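Taken in sequence, the protein lines are chains A and B. Sequence positions in the first sequence follow numbering that gives the first Met the number 0 and run 0 to 231. Sequence positions in the second sequence follow numbering that gives the first Met the number 0 and run 0 to 231.
2 protein chains.
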Amino acid sequence: MSNGPKHALYAEFAALAKALGSPHRLGLLEQVAQGECGVEALAARAGLSVANTSQHLQQMKRTGLVTARRNGKSILYRLADDSILGLTAALSHVASRTMAEVDTIRREYFDDRDALEPVSRDDLMQRLRNGLVCVIDTRPADEFAAGHLTGAINIPPGEMEAHLEDLDPSIEIVAYCRGAWCVMSFEAVSTLRAHGFRARRLQDGYPEWRVAGLPTRSTRAGQERPGVRPSD
Amino acid sequence: MSNGPKHALYAEFAALAKALGSPHRLGLLEQVAQGECGVEALAARAGLSVANTSQHLQQMKRTGLVTARRNGKSILYRLADDSILGLTAALSHVASRTMAEVDTIRREYFDDRDALEPVSRDDLMQRLRNGLVCVIDTRPADEFAAGHLTGAINIPPGEMEAHLEDLDPSIEIVAYCRGAWCVMSFEAVSTLRAHGFRARRLQDGYPEWRVAGLPTRSTRAGQERPGVRPSD
DNA sequence: GTTACGTTCAAGAAAGTTCTTGAATGTTGT
DNA sequence: ACAACATTCAAGAACTTTCTTGAACGTAAC
Chain A
0 MSNGPKHALY
10 AEFAALAKAL
20 GSPHRLGLLE
30 QVAQGECGVE
40 ALAARAGLSV
50 ANTSQHLQQM
60 KRTGLVTARR
70 NGKSILYRLA
80 DDSILGLTAA
90 LSHVASRTMA
100 EVDTIRREYF
110 DDRDALEPVS
120 RDDLMQRLRN
130 GLVCVIDTRP
140 ADEFAAGHLT
150 GAINIPPGEM
160 EAHLEDLDPS
170 IEIVAYCRGA
180 WCVMSFEAVS
190 TLRAHGFRAR
200 RLQDGYPEWR
210 VAGLPTRSTR
220 AGQERPGVRP
230 SD
Chain B
0 MSNGPKHALY
10 AEFAALAKAL
20 GSPHRLGLLE
30 QVAQGECGVE
40 ALAARAGLSV
50 ANTSQHLQQM
60 KRTGLVTARR
70 NGKSILYRLA
80 DDSILGLTAA
90 LSHVASRTMA
100 EVDTIRREYF
110 DDRDALEPVS
120 RDDLMQRLRN
130 GLVCVIDTRP
140 ADEFAAGHLT
150 GAINIPPGEM
160 EAHLEDLDPS
170 IEIVAYCRGA
180 WCVMSFEAVS
190 TLRAHGFRAR
200 RLQDGYPEWR
210 VAGLPTRSTR
220 AGQERPGVRP
230 SD
């Protein structure tokens, strides 16, 4: 009746789940998934104190969700493994199916704003090859600079109105942001439709596109990711 | 700059992750995934007190991981949704990739005992149609009774030696149990190979087989699942 | 060297989690 | 009604988590 390795394994799995068991850490993880980032910037984006952010990041590092490397004075954190996106996706999928509140929020907030099906990654890839589409990255400029879909233009939240005249109303627009639960691309699509554009959201966000191996670019030479030649 | 629904959603996701963040709850969840089961039986299987088990189950019920229904004097708990198996699978997948201890345990304990690839579900399904295989369910008798692969025979832990002469050495044996981290099928395969049988493990366990929609049976008429006609 | 900067550490208060114990609840069978 | 049973509730002790504060650490620039 050997005790077996199950107890040890389940203790590890539980530690991993526990690391995901805080809204602040989930938010930080979403930010880290956008690309390598320092503690201060993450703290600002998540609305937490720097010391608190540091502690959360270190717990996630201990648990294997993120890794850290030093770059000059700052420490850059990044997602430890692409499979973690699959885990958070599974988490939100189960939550949508079994938690009534989640389904309510999703319907009230998301479905009302975007009744149309999101564009799949493969679909967008096809259209990009044919040049039939305009892709907008609705994230803040620094996240765009750290990495974005090849060919996307950056229109951060609140700046859409100012850029409307730059857009061609004859071709369809696809907007994307951080991921499935990020509202920025929803608001962009909403604004665009109100002005008569044909606009839809991309399924998921930048991290999933990158993990799928589809083409990306980054600005700001060498600073964010040494070894990756920037262009665009 | 609307606050957005993200905070509310992430609070829910975190509550779900937190519910998975205890080794005992993960163990209970594995048991519940085998089929509907009462509190006392779950407590015994997990090695916990009844009151403590009840509290863990109620937290998982509040979080939407399990559901409960009354059946006479006892309350039967069951998995709330099949997608939860995908979530726990993602959890263990990430843990295997990012946590050194998990990989170590996996290699030392599992790979050493079973160097062969496990049999896939589709593969086993094929062979079952052709009658080329003997399927052994290595779980305790009550879990077997609550549901098992159609055509499987039950040889609980510790009883393998007594049943060796009932087995035909000319056909290959496939053993399965509760899931990927359950040692019972490993030990069965180990014992069988030591006696010259050709034996392999089924990929995953009974819950995944059931969720995949492949054929199952249950014994004990009506008691476990009303509406499902028992046979075998 | 000294200074500025980004991050981490250490200590402590407040809140939450986990498990135990014994009493309370609801259901079944006599 | 009553007793037997399965489960839940309530209270409390031990422990863990979370966040804040101010000091400490390592690196880069002057």
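All C-beta atoms in this analysis are idealised placements derived from N, C-alpha and C, irrespective of residue type, glycine included. All figures in this text were calculated on a predicted structure; none of them were measured in a lab.
B:I170 counts as exposed, since fewer than 16 other beta carbons sit within 10 angstroms of its beta carbon. Apart from sequence neighbours up to five positions away, the residues of its chain that approach B:A140 with a beta-carbon distance below 7 Å are N153, P155, ordered along the chain.
With a cutoff of 9 Å on beta-carbon distance, B:L201 and B:S217 are scored as not near each other. If you ignore the 5 residues before and after B:C176, its C-beta comes within less than 7 Å of the C-beta of T137, R138, M183, S184, G204, all in its own chain and listed in chain order. Assignment of B:T87 by DSSP, reduced to helix, strand and coil, places it in the helix class.
Exclusion of the five residues before and after B:L213 leaves R120, M124 as the residues of its chain whose Cβ lies within less than 7 Å of its Cβ. For the set B:E116, B:L86, B:M59, B:D167, the Cα lying nearest the Cα of B:I135 is the one of B:D167.
DSSP places A:S95 in the helix class (H, G or I) of the three-state scheme. Taking a 10 Å sphere around the C-beta of A:L127, we find 16 or more other C-beta atoms and assign the residue as buried. For the pair B:H55 and B:L90, the CB atoms are not nearer than the 9 Å cut-off. In the three-state reduction of the DSSP assignment, B:R68 falls in the strand class, which pools E and B. With 16 or more neighbouring CB atoms inside 10 Å of its own CB, A:E186 falls in the buried class.
Annotated three-state conformation of A:L148 is strand, per DSSP.
Proximity of chain A to B:K17 at the Cβ level (cut-off 9 Å) is accounted for by A16, K17, L19, G20, S21, in chain order.
Under the three-pair Cβ rule at 8 Å, the stretch 57-75 of chain A does not count as touching the stretch 39-54 of chain B. Counted as a single uninterrupted DSSP element, the beta strand (DSSP E) harbouring B:D136 occupies residues 132-136. For A:S53, the secondary structure class from DSSP, reduced to helix, strand or coil, is helix. Straight-line measurement puts the Cα of A:A211 at about 14 Å from the Cα of A:T149. For B:L15, the enclosing alpha helix (DSSP H) has its first and last residue at 5-18. With a threshold of 9 Å between beta carbons, B:D80 makes contact with chain A. The C-alpha of A:R106 is placed about 16 Å away from the C-alpha of A:S189.
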